[in-house]
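**Q**
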Amino acid sequence: PLQHTKFSLDVSGIAGFFGGEESFAAMSSVHLMRGRRWMGWYNSPGSYYVAKKYGTLAKSRLWNGLFPGPSVEPAEMLELDSKQGPRYMGVYSGTRLSTTSHLSYLISRHCDLKESVQKKQRTKITITIVELKDQALWDNHPVIPEEHFMPFDALGFIPTVFTIVGGVMAALWGDWYSFAMIFLGAVSNGVSCYVLGSGTLRLESPVPSPNSPPGDGMLISNRDIIILKGNEQSVSNVIRGRYQLHFDSEPKYRNIGWSSVMLISQFLLQLFLVPQGVLIGQIMFLATFIVSWGFNAYLASVDREILQTNVLLKVLGKPNIRKFTVDKWSTAAVFATFYLQPTEPESILNELVPNSTPAWNVWKKRIIEAI
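Listed below in structure tokens is the structure:
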């Protein structure tokens, strides 16, 4: 009876918009999961939304006209380089930075989530010691090795299998419109995922001089001190390092532009041709959308900042991290000064406790004498 019904399920209107944010978020993790760029061969919803987002990466008059919007770099759009870390003070180098890199933000967030070694925490003033491994440049630097990424997720086969089954079912019922649109959606999404995933993720940071002093320093926020211990290269990776994406097509990113055009074309064709199909084919089309949306929502639920942090910790050699809590900021300042044993302890105390009243000056003098 479904084959001969005159009822038409018009799902074409939601084809390009439904599930767009989930699709965009799912595709944004393509560089943090192994094999993720090969997992896009399914009829995904939200093609119009995704195309308008990624189309702004392509740079030329043509692409700016088709996809108007602010011009940003891929790492910024995918939130790989979008946050600022706390201020930094180098103990031996004398470096002072009012803000640090996105990687510092990831480290500070990771330290904030880490439990203290003390069982009871009476205050929120914390000191975290991050002992970085003495690091040299790894093979194929600055490209991040693929083994540092999240393992392949076999759930990625589910929407692909449902897309194939849905397309075959539509063909068996003689609905070639729905069959063609299901597989057009799979090809468009697969190509776009592959093109975006073809970029290589790099950790770029300045290479210090071989004669540089130890890189020990502190990341300082309102109620937290993070002590970084390690050589200059390791610390530089944290405070100055950046995640960057390199594409063979940069700086124009034409391949991303063309894949966005393909997604727009898919949306327009589905808009006109899906209503021409029969009800059973339209149901198959909608079913593949729902399954794909569920998988996209699953990928979107993964915290990308945690994925980025896990990659960073592996690049840094899985540093040893210990966290303590104290009652007062002055206690934290004394702890940091004693632990770092700087040649000029007064500089650390002045940085952490800028008060210059007579009482505080006497206090600082006594601490320096004790050190």
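For the sequence shown, the UniProt record's numbering begins at 1 and goes up steadily by one.
No residue lacks a Cβ here, since even glycine has one placed at the ideal position from N, Cα and C.
On a predicted model such as this, the values are computed, not experimentally measured, just so you know.
1) Report the option in VAL326, LYS365 and GLY277 whose CA atom is closest to the CA atom of LEU172.
2) From VAL326 to ALA332, what does the alpha carbon distance come to, in whole angstroms?
3) With distances taken from CA atoms, which of PHE152, PHE285 and PRO74 is nearest TYR177?
4) May I have the straight-line CA-CA distance separating VAL195 from SER212, to the nearest angstrom?
5) Could you compute how far the alpha carbon of LEU155 sits from the alpha carbon of PHE295?
6) Helix, strand or coil for GLU73 per DSSP?
7) Quick check on this structure: which residue in ASN350, ILE182 and LEU203 has the alpha carbon closest to the alpha carbon of LEU273?
8) To the nearest angstrom, how far is it from the Cα of LYS365 to the Cα of PRO358?
9) Please state the DSSP three-state secondary structure of VAL191.
10) Scan the segment 49-115 and note each continuous beta strand (DSSP E) run of 3 residues or more that stays entirely inside, going in chain order.
11) Quick one: what's ASP224 bridged to in DSSP?
12) Going by the beta-carbon positions, is the gap between GLU131 and PRO319 smaller than 7 Å?
13) Among the candidates GLU346, TYR243 and ARG36, whose CA atom is the shortest distance from the CA of VAL74?
14) Output the boundary residues of the alpha helix (DSSP H) element that contains residue 380.
15) Just to confirm the assignment: which complete alpha helix (DSSP H) runs, minimum length 4, are found wholly within the segment 239-313?
16) Near LEU32, what residues of its chain come up, given a Cβ to Cβ distance below 8 Å and the 5 sequence neighbours on each side ignored?
17) According to DSSP, what are the bridge partners of GLY217?
18) Under three-state DSSP, which class holds VAL207?
19) Taking C-alpha atoms, which residue in GLU204, GLY217, THR126 and ALA180 lies nearest to HIS246?
20) Hey, SER292 and PRO206: beta-carbon distance below 7 Å or not?
21) In terms of alpha-carbon separation, which member of ALA170, LYS133 and SER188 lies closest to residue 375?
22) So what does DSSP say about PRO1, is it helix, strand or coil?
23) Once you ignore the five residues that flank PRO208 on each side, which residues in its own chain have a CB closer than 7 Å to its CB?
**A** The answer reads as follows:
1) Checked all of VAL326, LYS365 and GLY277; the closest Cα to LEU172 is GLY277.
2) Their Cα atoms are separated by approximately 6 Å.
3) Nearest option by C-alpha distance: PHE285.
4) Annotation: VAL195 to SER212 spans about 41 Å, alpha carbon to alpha carbon.
5) Roughly 8 Å between the two C-alpha positions.
6) Coil.
7) The shortest Cα separation from LEU273 among ASN350, ILE182 and LEU203 belongs to ILE182.
8) Each residue's Cα considered, the two are about 11 Å apart.
9) Helix.
10) Assignment of beta strand (DSSP E) within the segment 49-115, counting only whole runs of 3 or more residues, yields 87-90 in chain order.
11) Beta-bridge pairing by DSSP links ASP224 to THR126.
12) With a cutoff of 7 Å on beta-carbon distance, GLU131 and PRO319 are scored as near each other.
13) Residue identity differs from the one stated: residue 74 is Pro in this sequence, not Val. Nearest option by C-alpha distance: TYR243.
14) This structure gives no information on residue 380, because the portion of the chain shown stretches from 1 to 371.
15) Contiguous alpha helix (DSSP H) elements confined to the segment 239-313 occur at 254-273 and 279-300, taking only those with 4 or more residues.
16) Hits under 8 Å: PHE149, MET150, LEU201, ARG304, LEU307, GLN308 and VAL311.
17) Looking at the DSSP output, GLY217 sits in a beta bridge with GLY90 and LEU228.
18) Under the three-state reduction of DSSP, VAL207 is assigned to coil, being neither helix nor strand.
19) Minimum Cα distance to HIS246 is reached at GLU204.
20) No, they are not a contact pair.
21) Nothing can be reported for residue 375, as the shown portion of the chain is limited to 1 through 371.
22) In this prediction, PRO1 has a pLDDT of 47, which is less than 50 and means its spatial position is unreliable; nothing more can be read from the coordinates.
23) Result list for PRO208: GLU232, GLN233 and SER236, in chain order.
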